[in-house]
Amino acid sequence: MPQVRKNRFIAAIYSIIVWGLGEVYAGVTNLKIGLGIVFMILWFIYLVSCLILNLNIFLAIVIYSIVAGLLAFDSFRDARTFNMMVSLEEARRRAPDRCPNCGSKVSKDFRFCPNCGYKLVT
Ligand SMILES: [Zn+2]
């Protein structure tokens, strides 16, 4: 399970430098990592075709910025989601393995003690 938190700003900057790199860095789900890789390939194809087709530099920058901006925003959110997942995992680890009320053994996933009904998760 995830341990180290991801920097949201680094994720955003990555996707500005290379489309989708921020999504790969944030790595929330395999689907988002896959999507990030697809955008990285598109980024490469786009840069090569801009050179080959000799696209208007202003237009090329505008298109680049729109895609980069959307992906930066998306990877920023992805990194935040990833960090929330880390926090949840940490909270789960901290959860007691014994009921503080009656002392009976409880699973970390339990929200209430099955023996006395004591609320285990705050
Ligand atoms: Zn109990």
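7 is the number of the first residue of the sequence shown in the numbering used here; add one for each residue after it. Quick reminder that beta carbons are idealized off the backbone N, C-alpha and C, glycines included. On a predicted model such as this, the values are computed, not experimentally measured, just so you know.
Counting C-beta pairs closer than 8 Å gives fewer than three between the region 77-94 and the region 110-121, which falls short of the contact rule. About 7 Å separates the beta carbons of residue 29 and residue 39, which is inside the 8 Å limit, making them a contact pair. For residue 87, the uninterrupted alpha helix (DSSP H) segment begins and ends at 63-100. For residue 38, the enclosing alpha helix (DSSP H) covers residues 36-59. The Cβ-Cβ distance between residue 13 and residue 74 does not fall below 8 Å. With fewer than 16 other beta carbons inside 10 angstroms of its own, residue 108 counts as exposed.
If you compare the alpha carbons of 67, 122, 17 and 34 with that of residue 88, the shortest gap goes to 34.
Exclusion of the five residues before and after residue 98 leaves 114 as the residues of its chain whose Cβ lies within less than 7 Å of its Cβ. The beta-carbon separation of residue 26 and residue 44, rounded to 7 Å, stays under the 8 Å limit for a contact. Relative to ligand 1, even the nearest heavy atom lies 7 Å or more away from the CB of residue 113.
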